[in-house]
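Only one structure is covered here, and it is reproduced in the block below.
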Amino acid sequence: MSGPAARGSLRRWGVAIVMVIGLGIALAACGNSGGALAQQACAHVQRAMTLLKQSSHQTDPAEAATLKEQATTQLQDALPIAAQAAYRDGQWQALMTTLSEINRVPASTLVTALTAQCQSANNSVFGGQSPPSSIPPPAPLTSSP
């Protein structure tokens, strides 16, 4: 088989292969779930919490201010990541909203809320035990005499 019919068949196969590859890439991009992004944002939050703790133990006011500024920068860096997490999975809206307050309130005010929200992000159900189910287990098999 040669000629225009063969070229048309090859072209259709080529288009089909490109579409399958494109779909695979699109689905792989969706694999970066909101939970994974929330964990990335929380890595910045954890760095900020460490810096805030260091600043509270600092005797030099200039050094304490520098550490607080670095903490604020970490929280600002976490915000766009948390926004992407919230876009992919609505359960991360609270994390994004709390981080968006960093320009209005001191970072130390947000510590409690961010700690709780990041604890939720870092305690993912994946790899852990399944939640309890209300579905009863199957009945045991009985052998007939």
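Take 2 as the starting number for the sequence shown in the numbering used here and just add one per residue.
Ideal placement from N, C-alpha and C gives every residue a C-beta, glycine not left out.
Close Cβ partners of residue i (< 6 angstroms) along its chain, the five nearest in sequence each way excluded
i	result
A84	M97
D90	G35
A63	none
A87	W93, Q94, M97
Distance, residue j Cα to residue i Cα
i	j	result
V112	D61	22 angstroms
A37	S121	12 angstroms
T57	M50	Before going further, note that residue 57 is Ser rather than Thr in the sequence given. Those two C-alpha atoms are separated by around 11 angstroms.
E70	W93	25 angstroms
L68	Q55	7 angstroms
C119	Q59	26 angstroms
H45	N124	16 angstroms
R48	Q40	12 angstroms
Cβ shell of residue i (< 8 angstroms), same chain only, five flanking positions each side left out
i	result
Q130	Because Q130 sits at a pLDDT of 39, beneath the cut-off of 50, its placement in the model cannot be relied upon, and the point is left open.
7 angstroms CB neighbourhood of residue i in its chain, flanking five on each side removed
i	result
S109	L53
E102	L111
Residue i in three-state terms, based on DSSP
i	result
S57	helix
R48	helix
S109	helix
N-terminal and C-terminal residue of the alpha helix (DSSP H) that residue i is part of
i	result
R89	62-89
L115	112-123
Q94	94-101
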